[in-house]
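In this note's numbering, the protein residues as written are 38 to 185. Virtual Cβ for every residue (Gly too), placed ideally from N, Cα, C. Everything on this sheet refers to the single structure shown next.
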Ligand SMILES: [Zn+2]
C-alpha cells in the first residue's frame, strides 16, 4: 500500500491511498483521482512516500494543516489497519528518540532505515523545516494491541 501526496491544478494538496504504484498510475491515467476540494482530476503526484521516514526514499514533508484523505474503491478502515500493520512490521520503534534518530538518519550519522516513534507536532514541524521527511500518523501505530 502506498500513500501519495497529491496536488491538483488549483494547488490543493491532499492524500491518496493506493494499492500499488501501478494502481495509482492506472487511476491517474483514467482520471479516477479527483481533488476533494474542487473535484479537479488534473492531479499530480508530489515526491512522496509512506508516512514514515524511509531514509532513501523521497518523501514529502507533511503540511502542518491536516488535509482530507482522498480514497477511491477501497475500504479506508481496512486499508488503514493494513497500513499501520505494515508500518509496525517495517519500521523500528525508536520511541521518544524519534526526532533525534530521524536527524541522524538524514545527516547520515546512523544506519539508513525506516523508523517510527513519538514526536510532538512542534518537533515534526522542525524536522520538516530542516528538510527531513517525516509524517505525523493519524493514529497511534505504537500500540499494535489497539488494532483489533
Ligand atoms: Zn483542488
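Through-space distance from residue j to residue i, alpha-carbon basis
i           : j           : result
residue 141 : residue 67  : 41 angstroms
residue 58  : residue 39  : 7 angstroms
residue 156 : residue 127 : 19 angstroms
residue 135 : residue 76  : 37 angstroms
residue 166 : residue 114 : 31 angstroms
Near ligand 1: residue i beta-carbon under 8 angstroms from a heavy atom
i           : result
residue 76  : yes
residue 115 : no
residue 69  : no
residue 47  : yes
Cβ-Cβ distance between residue i and residue j below 9 angstroms
i           : j           : result
residue 47  : residue 55  : no
residue 133 : residue 154 : yes
residue 164 : residue 121 : no
residue 78  : residue 69  : yes
Simplified DSSP assignment, three categories, for residue i
i           : result
residue 143 : helix
residue 40  : strand
residue 130 : strand
residue 50  : strand
residue 184 : Its pLDDT being 49, under 50, residue 184 is placed unreliably in this model, and the value from its coordinates should be taken loosely. DSSP places residue 184 in coil when its eight states are reduced to three.
residue 201 : Outside the modelled stretch of the chain, which goes from 38 to 185, sits residue 201, for which no answer is possible.
Neighbourhood of residue i by C-beta, 6 angstroms cutoff - its chain only, sequence neighbours within 5 removed
i           : result
residue 169 : 139 and 143
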